[in-house]
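Encoded as C-alpha cells, the structure appears first; notes follow it.
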Amino acid sequence: DSSAGGGGGGDAVASSLLRLCAVYLLCAKHRQGALDPVAAFHLRNGASLAALHWGANPSARGLRESAGIMVNYRYQLDQIETNHSAYVAHGHVAAAVSVSSLVGRESPHGPILAPDPRSAL
4 DSSAGGGGGG DAVASSLLRL CAVYLLCAKH RQGALDPVAA FHLRNGASLA
54 ALHWGANPSA RGLRESAGIM VNYRYQLDQI ETNHSAYVAH GHVAAAVSVS
104 SLVGRESPHG PILAPDPRSA L
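No gaps in the numbering here: position 91 of the sequence shown is 94 in the numbering used here, and each next residue is one more.
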C-alpha cells in the first residue's frame with residue numbers, strides 16, 4: 004500500500020486516482036459540507052483528513068466503491084473544536100499537507116481551505 008505522495012507500481016494510475024480522491028474529499032461539496040457521507044461525518048466531528056492509501060482495500064467492494072483507496076481521519080484533541088467550527092461554519096476541511104498538496108495547496112500552519120475544484124482538473 005502507498006500513502007498519498009508515495010510511489011510504487013502503477014505510479015501514473017495511482018497518482019492520478021489519489022489526486023482525484025483528494026480533490027473529491029477536499030472540494031466536492033453538498034450544502035457547504037463534504038459530498039462524501041463518511042468524510043462529512045468525520046469532518047463534522049472535528050477530524051482532519053490525515054492520509055490517503057492506494058490499494059489498501061483490494062476487496063471487490065473496495066475496488067468498486069473507491070478504486071481500493073482508503074482514507075485515514077485523525078482526531079487531535081487540541082484541534083477537534085477548531086476543525087469542527089471551521090467545517091460547520093465555512094466548509095473548511097482540515098487536511099495534512101500530504102493530502103492537500105495533491106491538489107496544489109500546502110500550508111505550513113496545518114489546516115487549509117480547500118481550493119476551487121476547477122483549478123485542480
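All C-beta atoms in this analysis are idealised placements derived from N, C-alpha and C, irrespective of residue type, glycine included.
- Cβ atoms of Tyr76 and His45 come within 8 Å of each other, at about 4 Å.
- Sixteen is the threshold: since fewer than 16 other Cβ atoms of the shown chains lie within 10 Å of the Cβ of Gly107, the residue is exposed.
- For Gly71, the CB contacts under 6 Å within the same chain, skipping 5 residues up- and downstream, are Gly58, Asn60, Pro61, Gly65 in chain order.
- Within the segment 37-78, the runs of beta strand (DSSP E) that reach at least 3 residues and sit entirely inside it are, in chain order, 51-57, 73-77.
- Nearest to Ala99 by C-alpha distance, out of Leu23, Ala43, Ser51, is Ser51.
- In terms of Cβ geometry, Leu29 and Val102 form a close pair [threshold 9 Å].
- Ala97 sits in coil when the DSSP states are folded into three classes, being neither helix nor strand.
- Ala54 is positioned such that its CB atom lies no closer than 9 Å to that of Val41.
- In terms of Cβ geometry, Leu105 and Ala25 form a close pair [threshold 9 Å].
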